[in-house]
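Input: a single structure, listed below in structure tokens.
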Amino acid sequence: MLTARQMLIFKCIVEEFIENAEPVGSKALMVKYQLPYSSATIRNEMNFLENYGYLEKTHISSGRVPSKEGYRFYVHNLGKVDLDEGTKNQVATIINKHRRNLNEMVHESCNMLSELTHLTSVALGNALDDMLQRISVVPLDDGRVTAIIITSQGHVENKVFQFSSDVEMEDLLSCVNVMNELLIGTPISEVAFRLERDVRPILTTQVKQHEELFNAFLEAFVKFASNSVYFSGKENILYQPEFNDVDKLRRLVSAFENSKVWKTLPLSSEDGIQINIGNETPLGKMNDVSVISASFKTGETSKGSISVIGPTRMPYEKVVALVEYISENIEKACLEDKQDEK
Numbered sequence: 001m002l003t004a005r006q007m008l009i010f011k012c013i014v015e016e017f018i019e020n021a022e023p024v025g026s027k028a029l030m031v032k033y034q035l036p037y038s039s040a041t042i043r044n045e046m047n048f049l050e051n052y053g054y055l056e057k058t059h060i061s062s063g064r065v066p067s068k069e070g071y072r073f074y075v076h077n078l079g080k081v082d083l084d085e086g087t088k089n090q091v092a093t094i095i096n097k098h099r100r101n102l103n104e105m106v107h108e109s110c111n112m113l114s115e116l117t118h119l120t121s122v123a124l125g126n127a128l129d130d131m132l133q134r135i136s137v138v139p140l141d142d143g144r145v146t147a148i149i150i151t152s153q154g155h156v157e158n159k160v161f162q163f164s165s166d167v168e169m170e171d172l173l174s175c176v177n178v179m180n181e182l183l184i185g186t187p188i189s190e191v192a193f194r195l196e197r198d199v200r201p202i203l204t205t206q207v208k209q210h211e212e213l214f215n216a217f218l219e220a221f222v223k224f225a226s227n228s229v230y231f232s233g234k235e236n237i238l239y240q241p242e243f244n245d246v247d248k249l250r251r252l253v254s255a256f257e258n259s260k261v262w263k264t265l266p267l268s269s270e271d272g273i274q275i276n277i278g279n280e281t282p283l284g285k286m287n288d289v290s291v292i293s294a295s296f297k298t299g300e301t302s303k304g305s306i307s308v309i310g311p312t313r314m315p316y317e318k319v320v321a322l323v324e325y326i327s328e329n330i331e332k333a334c335l336e337d338k339q340d341e342k
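Residue numbering for the sequence shown follows full-length UniProt numbering, beginning at 1 and increasing consecutively.
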């Protein structure tokens, strides 16, 4: 158990390192934070905190940085931070603007998170009870058509198809009518199977260019069902000094390109924030990365999560407050919309 003095010194060290990414010395700490202790006293307490496992030296200088255990202790003892009204208004604007479109609501919330934290954000979702609600098409030009796929959870996928000149609009509309008749109410994860089993035999007998149309919509639904990871601000984390090392940077970029890595983040059924530090994150051996996540319900059995990825030296208080507030408001909007539909 740390004393009040040790807690104060430790908190100042963590916050100083978060701000400057440089090892913290006792004299600089005393001057900047106007601590009512001598440099020698602060140094002795830093030695204690190092022996306790909360601080470590990066080289032979007297400067210290928080250890992974130190970060864990710090985040578990964070005070509650209230967001300013301007930030809350930004969240409200996004929620109200995209209330009927869950994808857009979550994606723009992700964009906001990355802008406010100068870090990388990622949104995950699943579709346990997300069902196909409607398919419609909008002709463009030169054989191009936009297909709009809408689900019961408010997900919207726009797909532009480039068809050959042999595909007639009448055939396309017939194809869409058959899919709407047979597939509405089908879970998104099962649409591809139902297309093959139920829709394809009918298209074969009723539509001239059935093969081209079938393959186009099959590809669209397969992509839609698997497209449940969204990143914003990937470049932000790359500018952090921790990732000046080429090997670290290469591993991080590779992880961003592999959506399966991030799908291992748990969509917790419990309320609250999850903080994964170092090897607790999906990045495994990258010990200087932290991920702060919160889950939100989007229906009775479906949920998603929104996370911020950054160095272990991230501003935890600010990030935790933002992730928690945004996820709570997304969930509130989703559940209120579900209630209104009943």
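A virtual CB, placed ideally from N, CA and C, is assigned to each residue, including glycine. Owing to the predicted nature of the structure, the values given are computational and were not obtained by experimental measurement.
Taking the Cβ atoms as the reference, glycine 125 lies roughly 4 Å from glycine 304, within the contact range of under 8 Å.
Collapsing the DSSP output to three states places threonine 312 in coil.
Asparagine 177 and leucine 183 have their C-alpha atoms roughly 10 Å apart. DSSP places glycine 70 within a helical segment (H, G or I) once states are collapsed to three.
With a contact defined as Cβ atoms closer than 8 Å, isoleucine 188 and leucine 132 qualify at about 6 Å. Contact annotation: the region 110-125 touches the region 222-242, with at least three C-beta pairs closer than 8 Å. Annotated three-state conformation of glutamate 56 is strand, per DSSP. DSSP, reduced to helix, strand and coil, places phenylalanine 296 within a strand of the structure shown. Along the region 196-272, the alpha helix (DSSP H) occurs as fully enclosed runs of 4 or more residues at 200-206, 210-226, 234-238, 246-257, 259-262, listed in sequence order. Of Cys110, Asp142, Glu257, the smallest CA-CA separation from serine 165 is found for Asp142. Rounded to the nearest angstrom, the gap between the Cα atoms of arginine 100 and valine 106 is 11 Å.
Here arginine 251 has Met286 as same chain residues with Cβ atoms under 7 Å from its own Cβ, once five neighbours each way along the sequence are excluded. Here valine 253 is exposed, its C-beta having fewer than 16 other C-beta atoms within 10 Å.
A distance below 8 Å separates the beta carbons of alanine 255 and leucine 283. Between the region 85-96 and the region 26-46, the count of Cβ pairs shorter than 8 Å is below three; the stretches do not touch. Inclusion of leucine 49 and methionine 314 in the CB contact set at 8 Å is not warranted, their separation being larger than that value. Boundaries of the beta strand (DSSP E) harbouring valine 138: 132-139, taken from the DSSP string. Residue Lys68 holds the alpha-carbon nearest to the alpha-carbon of tyrosine 52 among Glu300, Thr41, Glu235, Lys68. Rounded to the nearest angstrom, the Cβ distance from threonine 87 to leucine 116 is 7 Å, consistent with a contact under 8 Å.
When C-alpha distances from phenylalanine 163 are compared across Glu280, Ala147, Asp247, the shortest belongs to Ala147.
Residue range 4-20 is occupied by the alpha helix (DSSP H) that includes alanine 4, with no beta strand (DSSP E) assigned at that position.
Sixteen is the threshold: when 16 or more other Cβ atoms of the shown chains lie within 10 Å of the Cβ of serine 109, as they do, the residue is buried. Secondary-structure assignment with DSSP links glutamate 170 through no beta bridge to anything. In the assembly as shown, histidine 155 is a buried residue. Its beta-carbon has 16 or more other beta-carbons within 10 Å.
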